[in-house]
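Visitor: Numbering (our numbering), first residue to last: -6 to 159.
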């Protein structure tokens, strides 16, 4: 049975103001490509209202560490009151977006994601022993790696959003 351990729980980034939606996507994509993560977009919805657009996305980048363990980061992005505005900066007009951005990040360590240890009751028992005594050191190293990656992602997104504070 797949075991999913929550390592990073609801790390939040809140921002209100100007930003570029295109560059926001590009920053996320380039971060995960540089780090060797694969990305899957599980949800993307957009609603238009008189106040602006409401955008909700869920992205799940994953990285297979071994045949037994993989790291997954779940990123929920909620953007409220998204509007396109024209900003003049250094005598140049630029199209920007304005809105309230909330990013919620969760990190998971998933073991036995291919269900190789579920065939017989003996395998389940052996897996429990291996998890407790052999893989314990490796799993804690994988968890540290995941925490470091999430912290670096958070720093990257915060610095990106702070670029647009005038």
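Don't be surprised by glycine CBs; every beta carbon is placed ideally from N, CA and C. Owing to the predicted nature of the structure, the values given are computational and were not obtained by experimental measurement.
On a Cα-Cα basis, can you pick out the residue from 149, 32, 12 that is closest to residue 75?
Guide: 12
Visitor: Residue 116: buried (16+ other C-beta within 10 angstroms of its C-beta) or exposed?
Guide: exposed
Visitor: Would you tell me roughly how many angstroms separate the C-alpha atoms of residue 80 and residue 40, rounded to the nearest one?
Guide: 24 Å
Visitor: What do you reckon, are the CB atoms on residue 98 and residue 1 nearer than 8 Å?
Guide: yes
Visitor: Indicate whether the contact test is met: 3 or more Cβ pairs, each with one atom in the stretch 118 to 131 and one in the stretch 100 to 110, closer than 8 Å.
Guide: yes
Visitor: From what residue to what residue does the alpha helix (DSSP H) around residue 133 run?
Guide: 129 to 155
Visitor: Please return the same chain residues whose Cβ sits closer than 7 Å to the Cβ of residue 73, not counting the five positions on each side in sequence.
Guide: So the list reads 47, 92, 93, once near-sequence residues are dropped.
Visitor: Looking only at DSSP bridge pairs, what is residue 38 linked to?
Guide: 49
Visitor: Hey, out of 9, 20, 43, whose CA is closest to residue 71's CA?
Guide: With distances taken between Cα atoms, residue 71 lies closest to 9.
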